[in-house]
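Protein chains in written order, with the UniProt record's numbering: chain A, 1 to 196; chain B, 1 to 287.
Idealized CB from N, CA, C, for every residue including glycine.
As structure tokens, this is what we get:
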């Protein structure tokens, strides 16, 4: 279980972006996170993943953080999250060596392994990024608008796979503007409001 | 079914006219030109240094391809000697400048805010001064000669590469894929070796190669103006300065061939630099 209490984060000499947010992510649950642009959804996601450190508040995690982080953050644009000079095979195996079943379930083809990131499509690359983030140590996935740029069929594909994983125990925080998507996939929904 | 066949045919055409091969050819051509100069000057030996008054001021012919000067020197041999001298000076200065650039860029990007401010100030100061003026001042202050030219060109050519490398390090360090790598539990050592270094090495190599033509041209300019290499040495700058006196008399070959040689040498380095850049960037190599 991941328990965040009273998280606060802001940049120097500027009002806080995230101010006193508490939430709990439970295994096997998809939590939706929505709210207007600029209300701090992505910042909250990065805080939970440990990419950013909160100025106050605490994050309690049942699993240890050493090695592969059990909380993985996924970007909206996978092209920024992969080294443009690496081939797909190396990109995936930087995190772990996926088993064939997971690879096939996500629809990541072996043929892509020898290509560079710009040589496969955005949807394909997002599948690669998700596969990379699903190392065995990972218990929580922060999915920050991961299907916002993709076509409806790929979107449905990816989410039905992630829902399957969620049934097997993965906890997912789905950050999205798409209320209809969250209604379909999330068992509970959190709405952030913009701080004035 | 016809339309299913056509795209495949086009695909194979794209692979055959791969840009990588033409880039490689051009790079090899550049490398060949430089090797020719380096080897040529060794093979020629003393020719072009010893005088032969029986063959003064001869126009280009089969015996003297580039003609001869007022002392009967063979201009082809002299041009080759000059170019190889330029090559040596260029090699030393480009290597030294690159070393300065790498050290300062690392210092700026990893040494905290103060180090960054100091390095940025140094870059701005050096770039802010007129290039040739600074070169002349340093070379003059050091009393001229080969060493003075090397020091002057080295001290004026590091800022551009430093700025590029500093920006590259900062950019890669804050890149999302480096953050992701941290999330996979990778150490900064691993990131430096596998993400940062493969990104910086080609940049440094290209920077080094493209420093060459600059260094060679500035060395020639300094020598031409009389602040550079010793007048007795057959440097391209000296040859061009000497030719000025005879150009009006119609002895065009004294200026044309050394100048063309310099141009070709510079273009050779340009071809190599661009070749390395294109071949090491996965995005450019296959366009």
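Item	Value
Proximity below 8 Å, CB of residue 125/A to CB of residue 136/A	no
Sequence-distant residues of its chain with Cβ nearer than 6 Å to residue 103/A (five each side left out)	none
Residue 220/B - DSSP class collapsed to helix/strand/coil	helix
Beta-carbon spacing of residue 200/B, residue 168/B below 8 Å	yes
Status (buried if at least 16 other CB within 10 Å, exposed otherwise) for residue 231/B	exposed
Best match in 55/A, 89/A and 133/A for proximity to residue 21/A [C-alpha to C-alpha]	55/A
Near the ligand ATP: residue 107/B beta-carbon under 7 Å from a heavy atom	Among the ligands in the structure shown, none appear at all, so the ligand ATP cannot be discussed.
Under the three-state DSSP convention, the category residue 52/A falls into	coil
Chain A contacts from the segment 187-216 of chain B (Cβ-Cβ distance under 7 Å)	195, 198 and 199
Nearest to residue 226/B (by Cα), restricted to the options 172/B, 255/B, 250/B and 137/B	137/B
Contact check, residue 92/A vs residue 141/A, beta carbons under 8 Å	no
Whole-Å CB distance - residue 206/B paired with residue 277/B, under 8 Å assumed	5 Å
Counterpart residues of residue 9/A in DSSP-defined beta bridges	18/A
Cβ-based burial, residue 249/B [other Cβ within 10 Å; buried from 16]	exposed
Local conformation of residue 70/B per DSSP, three classes	coil
Amino acids of chain A, ordered along the chain, whose beta-carbon sits closer than 7 Å to that of residue 148/B	Per Cβ cutoff of 7 Å: no residues; residue 148/B is ~41 Å from chain A at best.
Cα-Cα separation, residue 176/A to residue 33/A	6 Å
Distance CB(residue 149/B)-CB(residue 216/B) smaller than 8 Å	no
Supposed close pair residue 229/B, residue 238/B - CB separation, criterion 8 Å	7 Å
DSSP-derived helix/strand/coil call for residue 99/A	coil
Sequence-distant residues of its chain with Cβ nearer than 8 Å to residue 86/B (five each side left out)	216, 219, 220, 235, 236, 262 and 265
Residue environment, residue 46/A, which counts as buried when at least 16 other CB atoms sit within 10 Å	buried
For residue 63/B and residue 251/B, the rounded distance between their alpha carbons	17 Å
Collapsed DSSP secondary structure at residue 158/A in the structure displayed	helix
Beta-carbon proximity check, residue 243/B vs residue 254/B, cutoff 8 Å	yes
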